[in-house]
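Note sheet for the following structure.
Protein chains in written order, with the numbering used here: chain A, 164 to 278; chain B, 798 to 909.
Quick look at the structure:
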């Protein structure tokens, strides 16, 4: 399977715990995005990487959130001291950003439930 | 700020009819718009991209239009089928070509 892979698919955690999600993009894609989606809403941008460089972070991303993309390959999104408001679907997407052909390929998402 | 708006109410239609979904944008002029399909519990899947200099784009039973005067894109599914039931998202790249900005999506329900 050469699509975008996200792990885990589901995560239930207690409030205050730390969680980490992983995203493996399509191998030749240099851009990687993280989005958050809650029920009835469209995906909200969190952050993106161009290769290994994190180029933009949304105001939605508090200090408890951190993302990395070492060596420009897979990426991790960590949430520290989780809160109930962090419960959402976390989506990862990658694209090649060649000219204007910037369709994004999404993973299946990680569903986070904070109890 | 740049904004994409879609009708948040679900669209219910009968099988065989044409479904038409609307996407409006404000405060910017996107170079192109994209449409995605999202099924419950899954990530969005790319369907079509239309550039600002293209009036219309087709792919099988799908048709997308882009009206820069009205600041609107219409997404049509002809001869709709129950399998077309899903949420359809409109998106565009923000100024500076950095990130895709999504609308809230419109849920389509096609009844047999």
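Glycine included, each C-beta is placed from N, C-alpha and C at the ideal position. Everything numeric in this text was worked out from a predicted model, so none of it was measured.
At a cut-off of 8 Å, the C-beta of residue 267 of chain A has a neighbouring C-beta in chain B.
Only exposed fits residue 177 of chain A, as fewer than 16 other CB atoms lie within 10 angstroms of its CB. Here the C-alpha atom of residue 236 of chain A lies approximately 14 Å from the C-alpha atom of residue 197 of chain A. A straight line joining the alpha-carbon of residue 876 of chain B with that of residue 855 of chain B spans about 14 Å. The DSSP assignment places complete beta strand (DSSP E) segments of no fewer than 3 residues inside the stretch 188-220 of chain A at 194-200, 207-213 and 216-220, in order along the chain. Scanning A:266, A:260, A:268 and A:274 for the CA closest to the CA of residue 240 of chain A turns up A:274. Within the same chain, Cβ atoms closer than 8 Å to the Cβ of residue 804 of chain B are found at 818, 819 and 903, the five residues on either side in sequence being excluded. DSSP places residue 880 of chain B in the helix class (H, G or I) of the three-state scheme. Across the set A:277, A:254 and A:267, the C-alpha of A:254 shows the shortest separation from the C-alpha of residue 186 of chain A. Residue pairing from DSSP places residue 906 of chain B in a beta bridge opposite B:809. Residue 852 of chain B and residue 860 of chain B have their C-alpha atoms roughly 11 Å apart. Among the residues of chain A, those whose CB is under 7 Å from the CB of residue 831 of chain B are 266, following chain order.
Among the residues of chain A, none has a CB under 7 Å from the CB of residue 834 of chain B; the nearest is roughly 11 Å distant.
Take the alpha-carbon of residue 878 of chain B and the one of residue 252 of chain A: they are about 28 Å apart. Less than 8 Å divides the Cβ of residue 267 of chain A from the Cβ of residue 897 of chain B.
A distance below 7 Å between beta-carbons, with the five flanking residues on each side excluded, links residue 277 of chain A to the following residues of its chain, in chain order: 176, 178, 245, 246, 247, 249 and 250. In the displayed model, residue 864 of chain B falls within a strand according to three-state DSSP. A straight line joining the alpha-carbon of residue 205 of chain A with that of residue 841 of chain B spans about 10 Å. Distance from residue 194 of chain A to residue 238 of chain A at the Cβ level is roughly 11 Å; contact not present, criterion being Cβ atoms closer than 8 Å. With respect to chain B, the C-beta atom of residue 253 of chain A has no partner C-beta closer than 8 Å. The beta-carbon distance between residue 242 of chain A and residue 181 of chain A, rounded to whole angstroms, is 7 Å. This is short enough to meet the 8 Å contact definition. When Cβ-Cβ separations below 8 Å define contact, residue 839 of chain B makes contact with chain A.
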